[in-house]
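Below is one structure, written out as structure tokens, with a few remarks after it.
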Amino acid sequence: MTLIYKILVPAILAFGLTGCNILPVRSEIADLELVKVVGIDKCEVHSDNNVTMTVASIKQQTGVSGGGGGEGQSKSIVLTGEALTLTDAMRKLQTHYNKIIFLGHADYFLLGEEAIKDDFYKYYDFLERTYEIRLNAKVFITKGCSANDILSQGSKGELPISERLDNLSNEGFINSHLIKEMSVIQLEKHLDNPYSAVAIPALSKADNEFDLIEQEKKLQTDVEVYGYAIVKDFKLVGYIDWELANGYNFIKNQADYTVFNVTDPSGLYVALIVENAKTKIKPKFYGDTLESVDIEIKVKSSINEQQSRLDITKEQITEEMAAKQSEIIKQEITNVIKTAQEMNADFLGISDVVKRKNPLKWNSIKDNWDEIFPLIKFNVEVDSLIYHTFDVRYPSGYKEEKQN
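Note that this note's numbering has the sequence shown beginning at 32, numbered continuously upward.
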């Protein structure tokens with residue numbers, strides 16, 4: 032071992048003295064512009080370019096407030112470049128800025144609606160191929176507008192677009208299980224399946240009024256969650272909104288913490304929160320023919336709020352409310368199945384279930400899946416149970432009913 036060291040150490044030192052650089056070029060953190068959000072669009076302005084890339088950096092301080100030395104106003108740097116390819120657009124962006132634009136910290140990639148209508152993969156390959164981009168970065172489709180619209184206009188207000196997306200992801204609609212996030216690596220898996228479609232979270236633009244400290248109102252472009260964009264064969268085929276997204280989440284076994292509002296015997300509302308939901312999908316074959324698909328769902332919910340002062344924990348009342356919840360869930364699932372069959376887009380993952388549970392039969396029908404899926408008969412059964420009331424059994428002001 033000593034002999035090896037005596038040989039290797041001088042050799043390494045000698046190699047270093049030749050001036051050859053075998054290590055990656057190092058960049059100081061102060062020289063980097065850390066991009067937080069990237070927008071990708073089809074270029075609609077100049078016909079000689081194909082793509083538009085917009086980047087929004089992590090917020091920068093524009094000044095220091097006086098007196099106490101606190102933080103000043105913050106804003107995001109937003110840059111846009113056009114080119115034949117996204118790689119070239121990235122290079123053009125760099126020529127307009129004195130820092131190195133770095134995508135390694137990008138958490139969000141927004142793909143514009145027109146780009147997805149054109150060809151999803153044409154604009155997506157850059158995401159999965161570029162070494163800087165993290166595979167757990169989140170992907171969104173922008174409904175009714177370009178990604179550039181949301182980044183450019185949404186970064187002008189008091190709350191930068193990157194922070195607004197953080198709020199949606201960390202404590203807003205996405206985290207509250209209305210919409211499920213989709214990462215770059217998760218999307219790769221879906222796109223490799225030629226028999227199914229994929230549901231990608233969709234954002235839309237909204238103009239909201241925000242109250243400022245000086246009691247004035249200011250119109251600011253905001254972003255909100257719409258539902259899911261449905262992509263099949265690398266083309267946008269449609270959208271599903273929140274209600275349909277709820278049914279989709281139940282089918283995909285990702286509906287925990289969903290909220291349902293049902294009425295008690297007084298006609299006032301009770302908020303039920305889903306603590307646990309389990310879905311079983313059972314394909315039914317007659318020979319090699321897929322006759323139907325059974326969807327069985329068991330739901331456990333808790334009472335999170337009530338508006339009346341009744342004792343709603345009685346067995347008969349909880350069973351009635353559970354039945355109402357079951358009917359709502361069944362209708363939402365039926366509606367999203369109908370939409371999927373009308374689109375002829377299996378974003379519900381039925382083909383995956385058939386393949387997993389009946390691999391031999393799947394091989395005999397997979398080539399005709401586009402003809403089979405729209406005609407499948409679905410049988411939906413939902414069984415709900417209300418089993419918990421959290422910290423309160425009887426509401427404030429409750430009076431025990433007198434016995435006759």
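All residues carry an ideal CB built from backbone N, CA and C; glycine is no exception. Note that the structure is a prediction, hence the values are computed from the model and not measured.
Secondary structure of residue i, DSSP reduced to three states
i           : result
residue 407 : coil
residue 390 : helix
residue 119 : helix
residue 321 : strand
residue 354 : helix
residue 423 : coil
residue 286 : coil
residue 130 : coil
residue 76  : coil
residue 328 : strand
residue 414 : strand
residue 344 : coil
residue 81  : coil
residue 281 : helix
residue 63  : strand
residue 307 : strand
residue 399 : helix
residue 108 : coil
residue 379 : coil
Close beta carbons around residue i, own chain, < 7 Å, minus the five adjacent residues each side
i           : result
residue 437 : The chain is shown only over 32 to 435; residue 437 falls outside these bounds and no answer can be derived.
residue 382 : 226, 227 and 400
residue 380 : 227 and 283
residue 257 : 174, 233, 234, 235, 270 and 272
residue 115 : 80 and 81
residue 365 : 411
residue 75  : 145
residue 311 : 327
residue 344 : 420 and 424
residue 403 : 321 and 396
Residues that DSSP places opposite residue i in a beta bridge
i           : result
residue 337 : 301
residue 69  : 86 and 140
residue 275 : According to DSSP, which records beta bridges pairwise, residue 275 is partnered with nothing at all.
residue 266 : 263
residue 254 : 236
residue 366 : None, per the DSSP bridge assignment.
residue 113 : 83
residue 230 : 261
residue 294 : 300
residue 316 : 321
C-beta atoms of residue i and residue j nearer than 8 Å
i           : j           : result
residue 175 : residue 145 : no
residue 131 : residue 172 : no
residue 182 : residue 70  : yes
residue 276 : residue 267 : no
residue 378 : residue 323 : no
residue 363 : residue 274 : yes
residue 138 : residue 168 : yes
residue 426 : residue 347 : no
residue 163 : residue 133 : yes
residue 83  : residue 179 : yes
residue 254 : residue 195 : yes
residue 214 : residue 107 : no
residue 384 : residue 279 : no
residue 415 : residue 330 : yes
residue 157 : residue 262 : no
residue 356 : residue 291 : yes
residue 141 : residue 154 : no
residue 72  : residue 177 : yes
Own chain partners of residue i with C-beta closer than 6 Å, once the 5 adjacent residues on each side are dropped
i           : result
residue 412 : 327
residue 86  : 66, 69 and 110
residue 315 : 322 and 323
residue 349 : 417
residue 372 : 405
residue 64  : 88, 130 and 132
residue 216 : 166
Cut-off 8 Å between Cβ atoms - residues of its own chain near residue i, not counting five sequence neighbours on either side
i           : result
residue 319 : 392, 395 and 396
residue 333 : 303, 304, 306, 417, 418, 419, 420 and 421
residue 127 : 110 and 112
residue 212 : 169, 200, 205 and 232
residue 287 : 208, 305, 306, 307 and 308
residue 423 : none
residue 374 : 228, 261, 263, 268 and 269
Proximity test, residue i beta-carbon vs the ligand MN heavy atom, cut-off 7 Å
i          : result
residue 70 : With respect to the ligand MN, the structure shown offers nothing to examine, as it has no ligands at all.
Next on the checklist: To test your reading of the DSSP string, which unbroken alpha helix (DSSP H) runs of 4 or more residues are found completely within the stretch 144-227?
Outcome noted: Taking only runs of at least 4 residues, the alpha helix (DSSP H) segments lying wholly in the stretch 144-227 are 144-149, 151-160, 178-185, 192-201 and 215-222.
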